[in-house]
Structure formats: C-alpha cells, structure tokens
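**Student:** Chains as they are written, first to last, in our numbering: chain A, 1 to 343; chain B, 1001 to 1343; chain X, 2001 to 2343; chain D, 3001 to 3343. Glycine included, every Cβ here is placed at the ideal spot set by N, Cα and C. Here the structure is a predicted model, which is why all the values come from computation and not from measurement.
4 protein chains.
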Amino acid sequence: MIKAGIVGGTGYTGVELLRLLAAHPNVELTVITSRGEKGVQVSQLFPNLRGRVDLAFVEPDDALLKSCDVVFFATPNGTAMQSTPVLLEAGVKVIDLAADFRLRQADEWEQWYGIPHACPELLAEAVYGLPEVNRRAIQTARLVANPGCYPTAVQLGFLPLLEAGVIDRQSLIADAKSGVSGAGRKAEVGILLSEVSDSFKAYGVPGHRHLPEIRQGLTAVAGQPVELVFVPHLTPMIRGIHATLYATLVDSDVDLQALFEQRYAAEPFVDVLPPKSHPETRSVRGVNQCRLAVHRPQNGKTVVVLSVIDNLVKGAAGQAVQNMNLMFGLPETAGLEGIALLP
Amino acid sequence: MIKAGIVGGTGYTGVELLRLLAAHPNVELTVITSRGEKGVQVSQLFPNLRGRVDLAFVEPDDALLKSCDVVFFATPNGTAMQSTPVLLEAGVKVIDLAADFRLRQADEWEQWYGIPHACPELLAEAVYGLPEVNRRAIQTARLVANPGCYPTAVQLGFLPLLEAGVIDRQSLIADAKSGVSGAGRKAEVGILLSEVSDSFKAYGVPGHRHLPEIRQGLTAVAGQPVELVFVPHLTPMIRGIHATLYATLVDSDVDLQALFEQRYAAEPFVDVLPPKSHPETRSVRGVNQCRLAVHRPQNGKTVVVLSVIDNLVKGAAGQAVQNMNLMFGLPETAGLEGIALLP
Amino acid sequence: MIKAGIVGGTGYTGVELLRLLAAHPNVELTVITSRGEKGVQVSQLFPNLRGRVDLAFVEPDDALLKSCDVVFFATPNGTAMQSTPVLLEAGVKVIDLAADFRLRQADEWEQWYGIPHACPELLAEAVYGLPEVNRRAIQTARLVANPGCYPTAVQLGFLPLLEAGVIDRQSLIADAKSGVSGAGRKAEVGILLSEVSDSFKAYGVPGHRHLPEIRQGLTAVAGQPVELVFVPHLTPMIRGIHATLYATLVDSDVDLQALFEQRYAAEPFVDVLPPKSHPETRSVRGVNQCRLAVHRPQNGKTVVVLSVIDNLVKGAAGQAVQNMNLMFGLPETAGLEGIALLP
Amino acid sequence: MIKAGIVGGTGYTGVELLRLLAAHPNVELTVITSRGEKGVQVSQLFPNLRGRVDLAFVEPDDALLKSCDVVFFATPNGTAMQSTPVLLEAGVKVIDLAADFRLRQADEWEQWYGIPHACPELLAEAVYGLPEVNRRAIQTARLVANPGCYPTAVQLGFLPLLEAGVIDRQSLIADAKSGVSGAGRKAEVGILLSEVSDSFKAYGVPGHRHLPEIRQGLTAVAGQPVELVFVPHLTPMIRGIHATLYATLVDSDVDLQALFEQRYAAEPFVDVLPPKSHPETRSVRGVNQCRLAVHRPQNGKTVVVLSVIDNLVKGAAGQAVQNMNLMFGLPETAGLEGIALLP
C-alpha cells in the first residue's frame, strides 16, 4: 500500500482527493493536515466520509509528511513550494494541485502570482501532469505539477488540432464556463448561493492566471507560439467545466472527427463523442473523464470543440490520482473507475 | 455472476440501477427493456454510461426475462404485476421498484392506484423490502416489494421510537421534502426547471399514495394502529429526501440518542449522527445511506427526527440492490460501497 | 416627499429596501450609510440600481440621519438600539428591520441575543410591525420593530386559528423552509453555492432566535400562552419562505376555509387560496404578499396551513415599507404594487 | 387606454406580457386566448397574477381580436402569420413575438422553419422591432416582428463595432448562454429540472434558427455581408442571456469604451458599464435592459463584448411593450420602469 499524505485537506480538491483515495485499492491515507482544523475529525467537516475516513486533521509538519510515499498539496498557491524541496530530498514524491510548479519560468510565475518563487531550481524538473501529453515523463517524475481545471479542459480540446497543424495558431479562442466549486471553499461574498445562483457572468476577462498556463501548454504541443483569448465564466452549478473552443482551419480537408477519435483512441479518460454531439457536464459528474465533441458549423472555416470535465476530478483530484498511478507503476485507472452520477 | 434484467430502464430509477449494477462485482447485466427506446444504445440515452454499459434497449419480452436470475421492475405502477407471476413460476426472482406489491390489501391498492390488482394472490407472499425491518424474510423471498422513497426515509426515522413504545402512536407528523428526480423522468410542465427551480411548495396534502404504505409499515412495527399526517414538498434540487418527523413523547425519561444508536448499531446503511446534528441531503448523494439525527427541542414533549436519504439510492435503486444482495446470499454491501459526492 | 435614510444598506434587506424606496412615489432617499463601503456608489455594489439610485454610501452619522423623516435600520442585531433614542428625540421615526425591538422583555432579549439591551425603556413603546395584527398602533408609532421573516410567515398562518380558539395552543408545530438570502449577505462558508445548492437541511433545531418572537406574537394573539416547536430549514433557492404549520383542532366543526377567508378579506397583502391549493414561493417572488392555504388531511384532527412569503419583502423590506406607509398616513399599498416575477 | 389582446398567453412570454401589461398605465387588457386553457382564469394558471388580472382564457377568435387596438402573438412559430392579414386589414396593429415576420426572405424562412410562409407579401412591410436600430420605422409600423432573445443580445453587442467599421465582418463569433425559460413552457424531458439543473451544455451547434436572423440584422447594420459563428448554450437558471462576443479589430486605435458609450448614450434600455466590468444576468432580471461591457484582453487584436439581457423581457415581452409604446406614441419607457430583482 502506498502511504499518502494530503496537505490542506479542507478545500474542495482536498475532500475530493479524500473521497478518491479512501476508495483506492492501493493507497493508505496516513496524514492529512490543516492548520485551521487541527484536531477535528475529517468526517466531522465532511460528513460524506463518515465511516470511511478515520483520520483527524493535524498541524502541517514536514517530519510527519516524510513518512509518506507521496504527498498531495491541495493548498493555496505558494504553499507547496515551501515544503517540496525537503520532501523530495527525503524521497517523497510530490503532486501539487496548486499552481506552484505549473509555469516553467520563475519570472512569469512571479508576474501572475505576485510573489517570488521559493524554489525556481525545481521548475525545470517538475513535470506538467497532463498524462495525455506527458505520460512517459510522469512515470518517472518525483514532482508533478497537476494542471489547472480550465487548462485541462482547454488543452485536451485543442491538442489534436495543434498536433496536426490544421488550425491557425494565432487566433484561438477559449470560452470556458465553470461551476462555482472551482472558486474554492472560501468565505467570500461573491460565491454565495444568493449571489451566483440563477445568474451568469464572465470574470477575469482582462487576464486570468490560467492563461499563461494554457498558452505554455499549447505552445509546447504545437512546437511554436500559440496566441489565445481566454474568457472564463461562472455558471450556477456546483461542479463542471464546459470549454467552447474556436479556431480557424488552415486545412479545409481534414476529417476532424477522425482526427479526434484517432488521437484519443488509447486514452482511458478522454472520450470523443459521435458527430453532432453536445456533451453535458453532468455526464462527467464525479468522474475522471473528459468528453469531447468537434463541430464545423455551416461547414465554414471555424472549428468548434466542446470539452467537458468535472473540475474537481479530471480538473484536479482525479487527475492527481491518475498521475500518482503513473508515478507508482499502478494501472492508470486504479481507483478511478466510478461512473458519473446522472441525474 | 448473477444475471440481472431491468424492465423499464429509461427512468431515473432505471439509470441509477444501471449505474449500480454495472459496477457490481457479482452481477452481469443481460437484458434491459423499454418499449419506447427499443434498439437505442443505453449509453446514448445516458451518456454517463458510455464505455460501461454495452447494451441496447429491447422490447419487453417475458421469454427473454426468464433467462435472468433476477428481474428488476423500474416501471410505472401497474406494470410489474402483469409479468411477475410468469417470472416467479420460471424461477426468476423479482424486485419491483414500483408500488405493485407494497400494500398488503388488494382493495387498498385499488383505492389508491385506481386499477384492480392483477395478482392479489401474490400480495401475501411479497416481502416488503426494508432490510432494517425484514432482513430475514428478504433473504428467502422470491418477490420483494422495494419501498417507496418517502416511506424509507420516514419509517427509518420513526422505527426506534415505535419499537420502543415511547411515543404517542396517534399523532405522528412527517413533513418531507424531496428533490425533483422523485417525480420521475416524465414530460410534464410541472417539473420543468423553469417551474420548480428557485421555488418551494407542498403538494398532495389532501392525500399521497405513500401515506398508506407508511401507515402500514409503521403499524406493522408498532404492532398497533398508527396515525400519521404526511405532507410532501418539492424542493429545487435533483436528488435527496429530507424527512422532518414529529412525535409526542409518552416516556419523558428515554435517552433518545442511545435508543437510536443502539437500534442501528449493526445496520450498514443507517448512520445515527451525534447529538445536535443536522444531516444534509448532500451527505448521502449517490449512496445507499440513511443519516439520522434525533432532537428534543427545549427539552419538551416533542421529539424531532431528521432523516435524509438519496431518493434514487436508499430510496429506490440502491435499496433494490441491497435486497438483491440479501436474496442471493451476497455480502449486503456488495456494489454499494461508494462514497457520497460532496460538494 | 418623505425623506428616508437607510442605515446599513449593504445587505440583502438593504438592497431590497433601496429597490422598493427608489420606486416609491412618496419617498426621497436622502441618506444611506455603510462603514465598510463608505464612498462607494450604491449602484456599483448593486448594479440593478444603475440609473435609479444616485447615492453613495456614507459613514454612519446621527447628525445626518436626524435630517430624515424616517430611518430604516437594515443592520445586524444590536446596532439600531444604539442610535434609536437620539433619533426619536430628534423627531425622526424609526423602523428597525433587525431584532432589537421585537421582544418585549429585555432579559429575554439578552438571553437570545447575548448582549444587554441598550435602551430597554423603549421596548414598551416599540410597536411590533405586523400590520395584520397591530395596524392601528403602527399608525401612531414612532418606533416600529419590523417582524422577522419566519415570524411573519408563521404568525399569519396561525393567526385565524388562534383568534378563533379552534386549536390546541399547547402543541403547535412550525416546519419552515427558507431560501438562502435569509442568512444574509455575509462571507460565510456555510452559505456558499457549493455548500447549499442541490442539498437540503434543517438547522437550529435545538433553538432559533425567531422562536421567542413567534411565541410572544402568538401568545399576544391568543391571549394565553402558546407552545410551539419551530424547525427551520435551508432550501436551495435565493428568496422565499414556506412555512408548513400543524395544529390539533379542538373544534371539529369549524369551516377552516371560511375562517381564513373572512379573517383576511380586507387585508391587501394576505391572499387566501382556494381549497386544496398549494402555494409556491415563486408566486410571491419580489412582492409584499403572503399566500395561504389551509388543509385538513383525511378530515382528521390535524389542521395544516401552508404559508408563503418572500423573506426579503413581506418578511423584511416590503413589510417595512408597509409600516412606513401606515406611520405616515399614506395608502398602505403605496410603492408595493409590483407583480411577482414568474417564472 | 389602448385595448390589448394576447394570442397564446400560456407560455413564458405570454405570462411576462401579462405581468407587464397589467401594470402598464396606458393599457387595458381585453382579450387573452388559448385553445388549451379555454375557460380557465389566467390567475389560476399563473398565481402571481391573482388579484391583478381578472381575465379568463378564450378560444382564439379573429372577430374578438379585431376589437383590440393591438394584438400580441405569443404563439409558436407559424401561428401569427395565419391571422395577421385579417387583423391588419381591420386596423389592428400586430406585434409578433415569434419568428413569423423576422426574416425578410420567404424562402429563407421556409428553409429554417420548415413550412411555407402564409403571407410573404407582408414580409417587406414588417418592421424588425429592434428600437435601437429601427426606432423611426417602428413608430409608424402596423406590423412589428419582435426580435428573438439571442438576436437581441448579440446584435446590441456587435452594433457599435459594425456601424463604426472597426472589425473584420467575416469572423464574428457569438458564444451565447441562455436560461432554461428560453426553451419555453413545454412538456419536454430535455428541460426538466432533473435534466438541466447542475449541468451545462451547448446545443444546436450545427445550426440554430436564430443564426439567419442575427446575420440578417448585422448585415443590415454593416451594409455589407457579415459572417458569424453562433453557439448557444443552456445554463441552469430560469431567466437571462449572456452573450460573449468576439471579433477581430481592423482598427487598432479605436477607443472602444467611448464608441460604445456614445452609440448608446441616448438609449433608455441599453447600459454600457464602466471599463473592466462583467455584467451579470441577474442585474437585468425582470427588466427591459441590456447591459454591456467591452474588453480588449491583453490589448490584442480581439475585442470581447459581454452582453446581458433578460430573455423574457428585453428578449421578448419587454421589447414588445417598448415597440407598442413607440407604435402608439407613448413614452418609450411607459410600463417598463421596474428595477431588477437582486438578489
């Protein structure tokens, strides 16, 4: 059994990690930390875990975490980078669900996250944990930067088009819609039910931290610079991201459906729907799945990709478990075989 | 492997049965019928099952169903009773998720459901499938009447009080609130999102079909007639029932918390929360669990029990699988170990 | 024009008062205070008021408030009682939407609200602002204690029964369900969309501050002590309260429908629905209306009253405007003629 | 008083028209028809209208409708065109809220709506009722084609850019999100709460009937052909449309904020928000308003416009009343002064 620790388990990615790891056949949860909830039973904070997780939150403590085989950071940005060096040195593998190791340039990180990076020397080693792109590197990684939720949905949608070189790389548009859990479990007026239920809005149009992450990932895939307009929206639901992606075709003869189906034929967690489909976020509720559909309206020059994930699973905790499976040589789907809850 | 068939798999209890049975370690889904969707892949109607259920709906056909070890009826009321006699005769076990075999008196059934009963001779044999009351009988039953969703939540809440004889049996009140999936997957204006979202209402106050079922069950438990006022409400959520139960104590010295904890100590699917708790329906979302809390406000004469279930799981498909497990000598929790999705 | 000031206009009752007063034909909004938002345009915080309210929040300041004819307190409990004496002395009428003047006994207030009362000498003078009970007293009041949201829905439902003496006063039950806006516009995890959407729960079962207020009001109406069990619930919607009320009939011959219709025949804001009706909260969304239905299930001894209001209107800001209309000799319905938004 | 009739008043645009017209100072509602609900009191179907609308539905009857000054058609597509000629001949003005008179080419209408047009000779006379474009023509029109909900939100957002000629007309993208009431009050499984709540999806990507309407309107404004990709989505809320619009700037020096503010400075129902704003649909809930914000992310070549309306008001019934006001020489804002309900 792999001994797993979670740092910062009181947010939504934390409780989702707990749900997945508690049912994982090869994992033993040994440590879960939270400064604020120290001493509290996990199942008191999250009653869905009653009878399933018999741990209490403890104060963060690197000595304790060193006894783990793998440590997941489900913390705010800027936390994981404080403890990661010492854990790696102790032979513990680290999977960061926050943004600390996602960007390869320390200065770009500082620009978007507002603080200097604590261990820029690790940025080159950290592997960006999108298995559909970096599977082999993840298998041997000590440190995985788990992708953001929007970046996962957007990259998986653009990937086949960029790899095949069939779109104009300079004019991508990602119009993305997220459920409110993406904003975290934080005491903020702006995400109260009374504020965001029965309403819809865009946010962060002038600039969102996921933009450089997406741009970096797409550029790596394309092998050349990619320009992107990224507009996130808040939609009145708990879980789910729907990315509607637009690009201009430079090759009008490409069979888009075949392109997508072939690219993802061997991927256990990417599902290309039949032509003319419209994936619903509920079809991936609670599961580590991305469902895609590709359209070419009026047979014009614009390709439209519809990409849905559960932001807390394929967009966070599930992908982290997928990465752990790869890092430890387990079957990639271990502990991730649930079926989406519908309705 | 147990060969399982589902009749009428296009409703919400049907798709939930599919989700549970597709992941059940001891079950092979062999037949699923639907007159309306004949020929359609199950996963086309319910995309959460893509890659997990590789069956198409077929026309209902008793010959085909006879090849099953167990047949679940997830049909409208009045359907199961047409085919049950022939299936039982063929040695197939039957679990009816509708109401056909819930009431023991054929005339009462006819009064509430508006049509004569097709096989009243089976009513005495049918076992009411509430394992917390009838576990032993279920183990040897050929025919199980799976309880209604409201009746499950209400009976589990009143059970310890009636068995212990500590409340006045003549003045029970069950104020119950259900998510909209309880109304089924039917083309009706009254359950459109635009009609029932962001609103709340009672319904069926003059009389609801679950009333005689609850009364019969409680009377059986108490050994004496029980009188009940039952008021169901529609609440703007998909899944979940919250029953708020009121009774007048006749024994003021009873330790209510201990009474509940002891009654359910050995039950795998009933969870008594600590004193002063308020269970949330989301804590059982997607799982076969009933969570209960018992209160005595202002230390007065009224006991208040809060009981939550997922109407589609412990209130329908999950309880049906629990009953199947009992009928076939499997571990009672087989295939029912999921953890509730929260948030 | 009546010069109106609002203290604490950044919560939901505040913005609702602004919406109503901005459209009131006899009112000029002159002051709105908020310590936290000082200097901010009201319409920046609440964009629905763009082009309609051209005021900025100012620091609370009694001198400024003394220039008003009426001051509304839409503040947390314990605030209004600090400034009310000086305002009354200056000839300003005061309507408190919080709880400071609702309870007649200072010690009871201190017990439930946890701080000593700042001006207990005003408790006797303050008029409880439920026009359907205290219309005449409100017309001449200097100080009105605007009722709580739950107390409004519950009292209007029990009123005809207690006045007529047809129920047992010792065993009332109020099972009430509220939208989330009732919890206010506060940065609290417990009322995030991701926490309370698609879920249902009771809260405060051991004791809720509205209990003594309801008990006091019902006792005043009955002329004798009334005992009540009050169980509030949180339902996943923004606005609306649905109170389901239970009482035991002591007079079995009473015509309940006639009793309710006669009691409220002259009331502009109480609407008794036809027999067998089930009022929906959306039918009063945004309006100063209480809609009621009365049932006697199975013709038994229990009467069931269904009572719906919009917690922010008839349960708060609308009732405050209704009280203001009465205090200033305006038509009671002035500024309150809107039609509920449905769907 | 203007005598107004409504044909087909049982849908959501119908009840919204009723709400607005019942409170309109210059209108008397005289006839409301519905084949299905003939004889039923309007306020029985829509309880928000109790005490405000004292009419019963009658069988559709042109003779009766001829007694009106204006008739609104809130009917399915293909209905208004049957009765419009005879009403116009009788001197009745007609406002069609469906699509019968929106497209100027009968063959294009037939192509998208699947039936031949019943009175193609009226298409040239019909005025497309977008007052911000066609105010003068509406004032003298006998027949107004009220715009669709998506087309209203999309056209108002692109209008200033196309009129000023600052964008590439060949690559517009409209990513639009609608509340579920936009799908109407129809008994369809696909819009049940249990199907579309807590989920998000695109629909109609291969082609949606609002596409030719938008294209026609934008082409008229631009004076040259406009090409557009239009992707509608269903978002789990009742009311509201949020259109996120993308275009490529051909003039990099244009002051976008000034352009929008100047274009709409005199418009009573279009509100341009300050720079960096993100309009929320709730800010227009229940009111005849379009709120816009214009962005240029990363100062790049793509302009992003955010446009919100209430699909039932500025997107349907409210715009119809605005058109009526213009047609009858009333103040354009008569009966449309409500303030949006927030929260």
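Tell me, to the nearest whole angstrom, how far the beta carbon of residue 3059/D is from that of residue 3079/D; I am working on the premise that it is less than 8 Å.
**Tutor:** In fact, because the Cβ distance is near 14 Å, the residues do not count as touching under 8 Å.
**Student:** By alpha-carbon positions, which one of 3297/D, 3192/D, 3266/D, 3019/D ends up nearest to residue 3316/D?
**Tutor:** 3019/D
**Student:** Is residue 134/A buried or exposed, if buried means 16 or more other CB atoms sit within 10 Å of its CB?
**Tutor:** buried
**Student:** Between the stretch 2172 to 2186 of chain X and chain B, which residues of the former have a C-beta closer than 7 Å to a C-beta of the latter?
**Tutor:** 2173, 2175, 2177
**Student:** Under 6 Å Cβ to Cβ from residue 1344/B, same chain only, skipping five residues before and after it: list those, please.
**Tutor:** Absent from the model: residue 1344/B. The displayed extent of chain B is 1001 to 1343, so no value can be given.
**Student:** Looking at C-alpha atoms only, which residue of 3049/D, 3220/D, 3232/D, 3026/D is the closest neighbour of residue 3009/D?
**Tutor:** 3049/D
**Student:** Just how far apart, CA to CA, sit residue 1122/B and residue 1098/B?
**Tutor:** 15 Å
**Student:** Would you say residue 1206/B lies against chain X (beta-carbon separation less than 9 Å)?
**Tutor:** Yes, residue 1206/B counts as interfacial toward chain X.
**Student:** Spatial neighbours of residue 2166/X within its chain, please: C-beta separation below 7 Å, excluding the five flanking residues on both sides.
**Tutor:** 2249, 2250, 2251, 2254
**Student:** Considering just the uninterrupted stretch of the beta strand (DSSP E) at residue 160/A, what are its terminal residues?
**Tutor:** Run containing residue 160/A: none in the beta strand (DSSP E); it sits in the alpha helix (DSSP H), 149 to 164.
**Student:** Using alpha carbons as the reference points, say which of 3012/D, 3176/D, 3088/D, 3127/D lies closest to residue 3104/D.
**Tutor:** 3127/D
**Student:** In the structure shown, what three-state DSSP assignment does residue 1278/B receive?
**Tutor:** coil
**Student:** Can you check which of these residues, 3110/D, 3074/D, 3141/D, 3300/D, is closest to residue 3092/D by C-alpha distance?
**Tutor:** Minimum Cα distance to residue 3092/D is reached at 3141/D.
**Student:** So the beta strand (DSSP E) residue 309/A belongs to, where does it begin and stop?
**Tutor:** 302 to 309
**Student:** Using a C-beta cutoff of 9 Å, does residue 2100/X count as contacting chain C?
**Tutor:** Protein chains in the displayed structure are A, B, X and D, and chain C is not among them.
**Student:** Nearest to residue 290/A by CA position, among 149/A, 183/A, 119/A, 100/A, is which residue?
**Tutor:** Residue 290/A has its Cα closest to that of 149/A, out of 149/A, 183/A, 119/A, 100/A.
**Student:** Enumerate in chain order the residues of its own chain whose CB-to-CB distance from residue 2184/X is below 7 Å, with the five nearest sequence positions on each side excluded.
**Tutor:** 2011, 2012
**Student:** According to DSSP, residue 3291/D sits in a beta bridge with which residue or residues?
**Tutor:** 3271/D, 3308/D
**Student:** Going by DSSP, what residues sit across from residue 3128/D in a beta bridge?
**Tutor:** In the DSSP output, where bridge partners are listed per residue, residue 3128/D has 3145/D.
**Student:** Just the Cα atoms here: how many angstroms apart are residue 1205/B and residue 3217/D?
**Tutor:** 52 Å
**Student:** Hey, out of 3335/D, 3100/D, 3195/D, 3110/D, whose CA is closest to residue 283/A's CA?
**Tutor:** For residue 283/A, the nearest C-alpha among the options comes from 3195/D.
**Student:** Using a Cβ-Cβ cutoff of less than 6 Å, which residues in the same chain neighbour residue 1177/B once the five nearest sequence positions on both sides are dropped?
**Tutor:** For residue 1177/B, where only same-chain residues beyond five positions count, the Cβ hits under 6 Å are 1233, 1235, 1242.
**Student:** Taking all protein chains shown into account, do 16 or more other C-beta atoms lie within 10 angstroms of the C-beta of residue 3081/D, making it buried, or fewer, making it exposed?
**Tutor:** buried
**Student:** Going along the stretch 225 to 247 of chain A in order, which residues come within less than 9 Å of chain X, judged by CB to CB distance?
**Tutor:** So the close ones are 236, 237, 238, 239.
**Student:** Distance cutoff 9 Å, beta carbons only. Does residue 276/A sit that close to anything in chain D?
**Tutor:** yes
**Student:** How close, in whole Å, do the beta carbons of residue 2172/X and residue 2152/X come, if the pair is a contact with beta carbons under 8 Å?
**Tutor:** The Cβ separation is near 16 Å, so there is no contact.
**Student:** So residue 51/A is in the alpha helix (DSSP H); what residue range does that whole segment cover?
**Tutor:** Residue 51/A -> no alpha helix (DSSP H), and no H or E assigned at all.
**Student:** Quick check: residue 3230/D and residue 297/A, are their CB atoms within less than 9 Å of each other?
**Tutor:** yes
**Student:** Just to confirm the assignment, what range does the beta strand (DSSP E) spanning residue 1246/B have?
**Tutor:** 1241 to 1248
**Student:** Are the C-beta atoms of residue 3169/D and some chain X residue less than 9 Å apart?
**Tutor:** no
**Student:** When you compare the CB positions of residue 3238/D and residue 3180/D, do they come within less than 9 Å of one another, or not?
**Tutor:** yes
**Student:** Helix, strand or coil, according to DSSP, for residue 2005/X in the structure here?
**Tutor:** In this structure, residue 2005/X counts as strand in the three-state DSSP scheme.
**Student:** DSSP three-state call for residue 1117/B: helix, strand or coil?
**Tutor:** coil
**Student:** Would you call residue 1136/B buried or exposed, if buried means 16 or more other Cβ atoms sit within 10 Å of its Cβ?
**Tutor:** exposed
**Student:** Alpha carbons only, please: which of 2307/X, 2112/X, 2278/X, 2027/X is nearest the one belonging to residue 2331/X?
**Tutor:** 2027/X
**Student:** Could you pull out every residue in the same chain whose Cβ sits closer than 7 Å to the Cβ of residue 1014/B, ignoring the five residues on either side in sequence?
**Tutor:** 1006, 1008, 1074
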